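Protein chains: 2
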Amino acid sequence: MDRSSPVPLYYQLARQLEAAVQAGELAPGTRLENELELAERCGLSRPTVRQAIQHLVDRGLLVRKRGVGTQVVLSEIRRPIELTSLHDDLAAAGKDPRTEVLELGPAPADDLVAKELGVPPGTEVTRIRRTRYTGDEPLALLTNYLPRDLIDLGVDDLTRHGLYELLRGSGVNLRVANQSIGARAATSAEARRLDERRGVPVLTMTRTAFDDKGGAVEYGCHVYRADRYSYSLTLVER
Amino acid sequence: MDRSSPVPLYYQLARQLEAAVQAGELAPGTRLENELELAERCGLSRPTVRQAIQHLVDRGLLVRKRGVGTQVVLSEIRRPIELTSLHDDLAAAGKDPRTEVLELGPAPADDLVAKELGVPPGTEVTRIRRTRYTGDEPLALLTNYLPRDLIDLGVDDLTRHGLYELLRGSGVNLRVANQSIGARAATSAEARRLDERRGVPVLTMTRTAFDDKGGAVEYGCHVYRADRYSYSLTLVER
DNA sequence: GAGTGGTCTAGACCACTCA
DNA sequence: GAGTGGTCTAGACCACTCA
Numbered sequence: 001m002d003r004s005s006p007v008p009l010y011y012q013l014a015r016q017l018e019a020a021v022q023a024g025e026l027a028p029g030t031r032l033e034n035e036l037e038l039a040e041r042c043g044l045s046r047p048t049v050r051q052a053i054q055h056l057v058d059r060g061l062l063v064r065k066r067g068v069g070t071q072v073v074l075s076e077i078r079r080p081i082e083l084t085s086l087h088d089d090l091a092a093a094g095k096d097p098r099t100e101v102l103e104l105g106p107a108p109a110d111d112l113v114a115k116e117l118g119v120p121p122g123t124e125v126t127r128i129r130r131t132r133y134t135g136d137e138p139l140a141l142l143t144n145y146l147p148r149d150l151i152d153l154g155v156d157d158l159t160r161h162g163l164y165e166l167l168r169g170s171g172v173n174l175r176v177a178n179q180s181i182g183a184r185a186a187t188s189a190e191a192r193r194l195d196e197r198r199g200v201p202v203l204t205m206t207r208t209a210f211d212d213k214g215g216a217v218e219y220g221c222h223v224y225r226a227d228r229y230s231y232s233l234t235l236v237e238r
Numbered sequence: 239m240d241r242s243s244p245v246p247l248y249y250q251l252a253r254q255l256e257a258a259v260q261a262g263e264l265a266p267g268t269r270l271e272n273e274l275e276l277a278e279r280c281g282l283s284r285p286t287v288r289q290a291i292q293h294l295v296d297r298g299l300l301v302r303k304r305g306v307g308t309q310v311v312l313s314e315i316r317r318p319i320e321l322t323s324l325h326d327d328l329a330a331a332g333k334d335p336r337t338e339v340l341e342l343g344p345a346p347a348d349d350l351v352a353k354e355l356g357v358p359p360g361t362e363v364t365r366i367r368r369t370r371y372t373g374d375e376p377l378a379l380l381t382n383y384l385p386r387d388l389i390d391l392g393v394d395d396l397t398r399h400g401l402y403e404l405l406r407g408s409g410v411n412l413r414v415a416n417q418s419i420g421a422r423a424a425t426s427a428e429a430r431r432l433d434e435r436r437g438v439p440v441l442t443m444t445r446t447a448f449d450d451k452g453g454a455v456e457y458g459c460h461v462y463r464a465d466r467y468s469y470s471l472t473l474v475e476r
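As you go down the protein sequences, you meet chains V and H in turn. So the first sequence is numbered by this note's numbering: it starts at 1 and just counts up by one. So the second sequence is numbered by this note's numbering: it starts at 239 and just counts up by one.
Right under this line is the structure:
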């Protein structure tokens, strides 16, 4: 533990435990020391140790049970649930995401967009339409609406970076998102842009994301090729 | 605050705050008192107040910002993310879920099922196949695999209750689930049972759920009519 | 009955935000 | 500089689990 570091002690401990799990030093199913022992050994107070453990429980790495103890989960958990964008996910998976920006500019909000963004219908908002590729294969059609004045975006930015990355970089703190995931048949226009036949099943996702203050910062409608993409998530019961 | 109640104080406070938000007494965007004031007014310590607030932040009801304060989120958040089953979701939405049990019995685990449940291939597991209706309309085809000896199920139980409800009722504490959601065309058999045409888009979900101890307790492959069902969830960044 | 995590207290100092 | 939440301490008592 490095007390001179600006990194919180609980976070330092959490990272150490996580590293030990990933290195196999703490095998799946292993019981951790109890909280008091761990606290003493690390020179920390019990609440700080609990905060570190809670962090990993929230992420699905550890399980706790009163009267029993804390264990490393038996099974590999794929991914903690996070507010990520497709671009980040693909990049993390080494899939070489590419983006073609089809449109970037102001557009009046229709009733649905207005409702989701919490602005009066007809308000000018920024509309972004992109095609996302992995390598040379089209993977998804992305349409997003943002309040104007939230962020000043250029086509170059969107070509090189994910939208969420750009939002975070300009000081927007994304906190909550409502998502709805469904399926339907591709329209002819969608099929053409996805290099598919009309009527093939596509996966759809609509998402409204909110920042720090609870204001809507983005509404998106995405259409994915179902043969190349599925949406994975890990749920943790609290 | 009722100190004689077995309900933890932090939880009592969280429920009161939640009720105040839902009753409109704390309008969206309202700033809460600061933590010390709230603690004093409720006769609680600050860590307890923080625990209550953290609970609601995790559920997406409040947002906190250092140096600024705690606010009620501006927008209505649909649903906190939870480990629920389709049956519970439908019942909660007043949709009158009905279940037809097509199969309930032992079956050897194929490679995929064995991998997901963490048992050797060929091990006998319990296989459940059901059709879920809302009213008279077929909505989904549900196939689930459970380790034998985990729970003793009857057809009656499954007809009247959701699987997760039954698992919880018999002492299984579900904690983490890996889900993957996709889309594809219905096979002829699926289309027939869903009262649809072959090749229509369906939404698919596969899920592996883990309990307290991190052992796999259920692997499910579900197929939904895409015109009647979409998967909604709320993500909260931690 | 021994051991565990769950809850709770009453403080402290700090980093951050904003006027 | 005033006010906020973030982190941290050093304890306490309890409910629960399991042998």
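Ideal Cβ placement from N, Cα and C applies to all residues, glycine included. These figures come from a predicted structure and were not determined experimentally.
Review point. Quick one: complete alpha helix (DSSP H) runs, 4+ long, within the segment 10-93 of chain V?
Key: 35-42, 46-58 and 86-92
Review point. Ordered along the chain, which non-local residues of its own chain (more than five positions away) have a Cβ less than 6 Å from that of Gly-373 of chain H?
Key: Asp-334
Point to revise | Selection from V:Lys-115, V:Gly-199 and V:Leu-139 that minimises the alpha carbon distance to Ala-186 of chain V | key: V:Gly-199
Check your understanding: Would you say Arg-413 of chain H reaches chain V, if we count a Cβ-Cβ gap shorter than 9 Å as a contact?
Key -> yes
Review point. Touching or not, the segment 365-381 of chain H and the segment 334-352 of chain H, by the rule of three or more beta carbon pairs under 8 Å?
Key: yes
Exercise for review: Mind checking the segment 103-126 of chain V against chain H and listing, in chain order, the residues whose C-beta falls within less than 7 Å of any C-beta there?
Suggested key: Gly-118
Practice item. Verify the CB distance criterion: does Ala-185 of chain V have a CB-CB separation below 9 Å to chain H? Key: yes
Check your understanding: Roughly how many whole angstroms lie between the Cα atoms of Tyr-457 of chain H and Arg-284 of chain H?
Key -> 42 Å
Review point. Given a threshold of 16 other Cβ atoms within 10 Å of its Cβ, counted over all protein chains shown, does Ser-170 of chain V qualify as buried or as exposed?
Key: exposed
Check your understanding: Can you tell me whether DSSP reads Leu-384 of chain H as helix, strand or coil?
Key -> strand
**Study point:** Cα-Cα separation between Tyr-224 of chain V and Met-1 of chain V, rounded to whole angstroms
**Key:** 45 Å
Review point. Does DSSP classify Tyr-229 of chain V as helix, strand or coil?
Key: coil
Review point. Since Gly-453 of chain H sits in a beta bridge, which residues does DSSP pair it with?
Key: DSSP, once it has assigned bridges, lists no residue as partnering Gly-453 of chain H.
**Study point:** Interface flag, Tyr-133 of chain V vs chain H, CB-CB below 9 Å
**Key:** no
Point to revise | Length of the line joining the Cα atoms of Arg-251 of chain V and Leu-86 of chain V | key: There is no way to answer for residue 251 of chain V, as the model of chain V reaches only from 1 to 238.
Point to revise | Which residues DSSP lists as bridging Pro-201 of chain V, in chain order | key: V:Ala-185
Point to revise | Gly-343 of chain H in three-state terms, based on DSSP | key: strand
Point to revise | Proximity of Ala-454 of chain H and Leu-26 of chain V at Cβ, strictly below 9 Å | key: no
**Study point:** Local conformation of Val-363 of chain H per DSSP, three classes
**Key:** strand
Check your understanding: Can you find a CB in chain H that lies within less than 9 Å of the CB of Leu-203 of chain V?
Key -> yes
Check your understanding: Comparing the C-beta of Val-49 of chain V with each C-beta of chain H, is any distance below 9 Å?
Key -> no
Exercise for review: Report yes or no: do the segment 337-353 of chain H and the segment 297-308 of chain H share at least 3 C-beta pairs separated by less than 8 Å?
Suggested key: no
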